[in-house]
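Protein chains in written order, with UniProt numbering: chain A, 1 to 322; chain B, 1 to 332. By construction, the Cβ of each residue, glycine as well, lies at the ideal position given by its N, Cα and C atoms. Comments concern the structure below.
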Amino acid sequence: MSLDAAMPRATAPAILPGSGGLRGTLSDLFWRRPKVLLLLMLLPPVLWLGIVYIGSLFALLAQSFFSIDEFSGLINRQFTLKTYGDLFQAANLDIILRTVTMAALVTLASVAVAFPIAYYAARYARGRWKALFYLGIMLPLWSSYLVKIYAWKLILAKEGILTWLLAKLHLLWVLDAWLSLPVVGGNSLSVSFTGTFIVFVYVWLPFMILPVQAALERVPGNLVEASSDLGASPGQTFRNVLFPLALPGIVAGSIFTFSLTLGDYIIPQIIGTSRLFIGQAVYSQQGTAGNIPLAAAFTVVPIVIMGFYLWGAKRMGAFDAL
Amino acid sequence: MTSAVSFQKASRHFGSVRAVDAVDLDIAPGEFFAMLGPSGSGKTTCLRLIAGFEQPTSGSISIFGERAEGVPPYRRNVNTVFQDYALFPHLSVLDNVAYGLMVKGIGKAERHKAAKEALSLVRLPGYGARRPGQLSGGQRQRVALARALVNQPKVLLLDEPLGALDLKLRENMQEELKSLQKALGITFVFVTHDQGEALSMADRVAVFNDGKIMQIGTPEDIYQRPKTRFVADFVGSSNVLPPDFVQRYSGQHRWGSLRPESIRVGRTASGEGVSARLVSTNYLGATTKLALDADGLKLHAIVPAGTALPVEGETVMLTFNREYLHLMDEPV
Numbered sequence: 001m002s003l004d005a006a007m008p009r010a011t012a013p014a015i016l017p018g019s020g021g022l023r024g025t026l027s028d029l030f031w032r033r034p035k036v037l038l039l040l041m042l043l044p045p046v047l048w049l050g051i052v053y054i055g056s057l058f059a060l061l062a063q064s065f066f067s068i069d070e071f072s073g074l075i076n077r078q079f080t081l082k083t084y085g086d087l088f089q090a091a092n093l094d095i096i097l098r099t100v101t102m103a104a105l106v107t108l109a110s111v112a113v114a115f116p117i118a119y120y121a122a123r124y125a126r127g128r129w130k131a132l133f134y135l136g137i138m139l140p141l142w143s144s145y146l147v148k149i150y151a152w153k154l155i156l157a158k159e160g161i162l163t164w165l166l167a168k169l170h171l172l173w174v175l176d177a178w179l180s181l182p183v184v185g186g187n188s189l190s191v192s193f194t195g196t197f198i199v200f201v202y203v204w205l206p207f208m209i210l211p212v213q214a215a216l217e218r219v220p221g222n223l224v225e226a227s228s229d230l231g232a233s234p235g236q237t238f239r240n241v242l243f244p245l246a247l248p249g250i251v252a253g254s255i256f257t258f259s260l261t262l263g264d265y266i267i268p269q270i271i272g273t274s275r276l277f278i279g280q281a282v283y284s285q286q287g288t289a290g291n292i293p294l295a296a297a298f299t300v301v302p303i304v305i306m307g308f309y310l311w312g313a314k315r316m317g318a319f320d321a322l
Numbered sequence: 001m002t003s004a005v006s007f008q009k010a011s012r013h014f015g016s017v018r019a020v021d022a023v024d025l026d027i028a029p030g031e032f033f034a035m036l037g038p039s040g041s042g043k044t045t046c047l048r049l050i051a052g053f054e055q056p057t058s059g060s061i062s063i064f065g066e067r068a069e070g071v072p073p074y075r076r077n078v079n080t081v082f083q084d085y086a087l088f089p090h091l092s093v094l095d096n097v098a099y100g101l102m103v104k105g106i107g108k109a110e111r112h113k114a115a116k117e118a119l120s121l122v123r124l125p126g127y128g129a130r131r132p133g134q135l136s137g138g139q140r141q142r143v144a145l146a147r148a149l150v151n152q153p154k155v156l157l158l159d160e161p162l163g164a165l166d167l168k169l170r171e172n173m174q175e176e177l178k179s180l181q182k183a184l185g186i187t188f189v190f191v192t193h194d195q196g197e198a199l200s201m202a203d204r205v206a207v208f209n210d211g212k213i214m215q216i217g218t219p220e221d222i223y224q225r226p227k228t229r230f231v232a233d234f235v236g237s238s239n240v241l242p243p244d245f246v247q248r249y250s251g252q253h254r255w256g257s258l259r260p261e262s263i264r265v266g267r268t269a270s271g272e273g274v275s276a277r278l279v280s281t282n283y284l285g286a287t288t289k290l291a292l293d294a295d296g297l298k299l300h301a302i303v304p305a306g307t308a309l310p311v312e313g314e315t316v317m318l319t320f321n322r323e324y325l326h327l328m329d330e331p332v
């Protein structure tokens, strides 16, 4: 019989001999001591993260406790909280408040836009439609960030396609009314906070859609049925079942949108007003102004805000469903 | 009297698949009704039609006399115990049970009180603060039951609720479900592929195959007097006898069925009977199941434990009381 030829049952030993050599010895060693393998696998990334990444971050943060000599422009390497005091000057507080407000609004808008898309992808899209969904979400990420922003500058400009489209639809008055509003308005969308907001939402949207979709994907379909069966209308099912179970995904997504908005300096530079965001402040303080300590103090702000944000999210039970 | 659930030529087709095909069905109020069939026979789709998760492609469905087509699940006073329980993982056991009352807008104190009562009803008092993930399979199943019962539904639907439990637990739950149903007087509709479960628990059983109901009747009817070969074969694995064989004993050229426990197995040369060869024996504890071959006709016999058994391969004589030979109406 061919089976017997392939596996000579009677003569085969109960314990097979080791394959020998370095590979065989290593395989046996890793099998006996799985922690050695784990250590070997983790060591390079931990060293990279610990020394190069976190280490340089701490080196930067240490700078924030130095101060700058206003006459000579030299850094005075003595511990002081003076630089942090400078953060609370009206002009700097203004920058922080503006950035945090923008980040919060961008995050809320991203949730509102991302949820239906993620819901469709998680619940209904199958096969080819699902592939198309991923392609649609990822495709913008493959093209250059700068190209996309300049493209938006053209779209939002006074001579741009959006103005043209609204004129064709006889809706130009809506745009003009919006642009005449204080704070959010301006000469055109491309030089207003509204424009900054639109581009922020556009650029960060994939980072919200993907985690929300992953969270919704893990909600078993029969929970929605069970909720409906127990008398909950679709709205109640959304509030009591879908939303709480998607919340970890929303929080994960909002960490991206919120922190990326807090730190970005290119979008407000190209699309928006001349008023600064935190990223731009860091950029100008460490560059033209040469005030490294204040730049470092500014970078601490998003870190502290994100710390409070995560702490608050945890307290509100955002991670309970994990 | 109005039926609790009534199907009139109700169908549910998915494309070319006729999951439920022109089913007529009447379930009486307060009845413990079982839908029995192999997987893919349409029994679960029938349950989902009652719950409102599916809408009939044609025909009509009424619940206590009220037409239910187009009525969403949340407007039906019908609750379901799901096969895998579908408990909300982010809510405590108490909030799971109180969910139906919460969405109806009943205050926290009142709904928690009702939920606690429902938990004691299913013998899980004091479990309210736990999360579903901290419970065993049997406990989750009780929570799912409490969560449905707390709403005092007109009809309770159970989709293979005991399927995931081990044997001992399943037997306990069968008895408990039955006494619970008697005590509450709620109509229970129960889907299962386990004929033993259907026969032991239900007042009436509908046997499904290929989207159609093969037979509806009391467990005794279904077991003793199967109408078709499918029912005879599926419920308790009766011996299905071809017309030529049946004619010799009844004089009628019809398909027949004979329960394995009605066959007596004797030694050769005991006079009249069917001569057969013993193919194999299968020890089942209280009984032993014998596989026999009577001139190409495969038969099963069940004999009590302790019976002196012939050896495999030996020729034996089979006898049976003719009144146990049941003639079937329909050929299929």
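*Supposed contact pair F193 (chain A) and T273 (chain A) - C-beta distance, whole angstroms, cut 8 Å*: 6 Å
_F115 (chain A) versus I250 (chain A) - alpha carbon distance_ = 9 Å
*Given that a residue counts as buried once 16 or more other Cβ atoms are within 10 Å of its Cβ, and exposed if not, what is N321 (chain B)?*
It counts as exposed.
_Simplified DSSP state of Y85 (chain B), which is helix, strand or coil_ = coil
_Selected residue, minimal CA-CA separation from K9 (chain B), among B:A276, B:T319, B:S275 and B:G59_ = B:G59
*CA-CA distance, Y283 (chain B) and V265 (chain B)?*
So the two alpha carbons sit approximately 15 Å from each other.
_Within chain B, partners of N92 (chain A) - CB distance below 9 Å_ = What N92 (chain A) touches in chain B: nothing, since even the nearest Cβ is about 41 Å away.
*Would K289 (chain B) count as contacting chain A if we go by Cβ distances under 9 Å?*
no
*On the DSSP bridge assignment, give the partners of H13 (chain B) in chain order.*
B:R18
*Is the shortest distance between the beta-carbon of E217 (chain A) and the beta-carbons of chain B less than 9 Å?*
So, not an interface residue.
_In this structure, how does DSSP classify S280 (chain B) when only helix, strand and coil are distinguished?_
strand
*Tell me, please, whether the stretch 279–287 of chain A touches the stretch 48–57 of chain A by the rule of three or more beta-carbon pairs shorter than 8 Å.*
no
*Bridge partner(s) assigned by DSSP for P304 (chain B)*: B:T287
*Taking only the alpha-carbon atoms, compute the straight-line gap between A86 (chain B) and S228 (chain A) and give it to the nearest angstrom.*
12 Å
_Suppose the cutoff is 6 Å on Cβ atoms and the five residues either side in sequence are ignored; what does the same chain contact list for L169 (chain A) look like?_
none
*If you count every other CB in all the chains shown that lies within 10 Å of the CB of H253 (chain B), and 16 or more means buried, which is it?*
Its Cβ having fewer than 16 others within 10 Å, H253 (chain B) is exposed.
_Same chain, Cβ closer than 8 Å to M1 (chain A), neighbours up to 5 away in sequence not counted_ = Confidence in M1 (chain A) is poor, its pLDDT being 47 and thus under 50, which makes the residue's placement too unreliable to answer from.
_Three-state class that DSSP yields for E110 (chain B) in the structure shown_ = helix
*At least one CB of chain B closer than 9 Å to the CB of D264 (chain A): is that the case?*
no
*For the 8 Å Cβ check, are there 3 or more pairs between the stretch 24–42 of chain B and the stretch 186–198 of chain B?*
yes
*Looking at C-alpha atoms only, which residue of A:Y309, A:A318, A:L260 and A:A62 is the closest neighbour of P248 (chain A)?*
A:A318
*asked:* Nearest by alpha-carbon distance to A59 (chain A): which of A:I305, A:L108 and A:T299 is it?
replied: Checking every option, the nearest Cα to that of A59 (chain A) belongs to A:T299.
*From the beta carbon of V241 (chain A), is the nearest beta carbon of chain B less than 9 Å away?*
yes
_N172 (chain B) in three-state terms, based on DSSP_ = helix
*The beta strand (DSSP E) with R204 (chain B) in it runs from where to where?*
If you look at R204 (chain B), you'll find it in the beta strand (DSSP E) that goes R204 to N209.
*asked:* Taking the straight line between their C-alpha atoms, what separation do you get for P260 (chain B) and G65 (chain B)?
replied: 42 Å
_Under the three-state DSSP convention, the category K212 (chain B) falls into_ = strand
*Figure out for me which residue from A:R23, A:P45, A:S284 and A:A10 has the closest Cα to the Cα of Y265 (chain A).*
A:S284
*Report buried or exposed for V81 (chain B), applying the criterion of at least 16 other Cβ atoms within 10 angstroms of its Cβ.*
buried
*In the stretch 229–255 of chain A, which residues sit with their C-beta less than 9 Å from some C-beta in chain B, listed in chain order?*
D229, L230, G231, A232, S233, P234, Q236, T237, N240, V241, P244, L245 and L247
*Apply the 10 Å Cβ neighbour rule to Q78 (chain A) and answer buried if 16 or more other Cβ atoms are within range, or exposed otherwise.*
exposed
*Residues of its chain near N187 (chain A), where Cβ-Cβ distance is below 8 Å and the 5 sequence neighbours each way are ignored*: The residues are K158 and L179.
_One or two residues paired with A33 (chain B) in a DSSP bridge_ = For the sequence presented, residue 33 (chain B) should be read as Phe rather than Ala. Beta-bridge partners of F33 (chain B) (DSSP): B:V189 and B:R204.
*chain B beta carbons: is any one of them nearer than 9 Å to that of P211 (chain A)?*
Taking Cβ atoms only, chain B never reaches closer than 9 Å to P211 (chain A), which makes this a no.
_On a Cα-Cα basis, can you pick out the residue from B:V150, B:L47 and B:G52 that is closest to A98 (chain B)?_
B:V150
*Apart from the five residues just before and just after D20 (chain B), which ones in its own chain have a Cβ nearer than 7 Å to its Cβ?*
It is worth fixing the name first, because residue 20 (chain B) is Val in this sequence and not Asp. Hits under 7 Å: A10, S11, R12, G42, T45, C46, L49 and G211.
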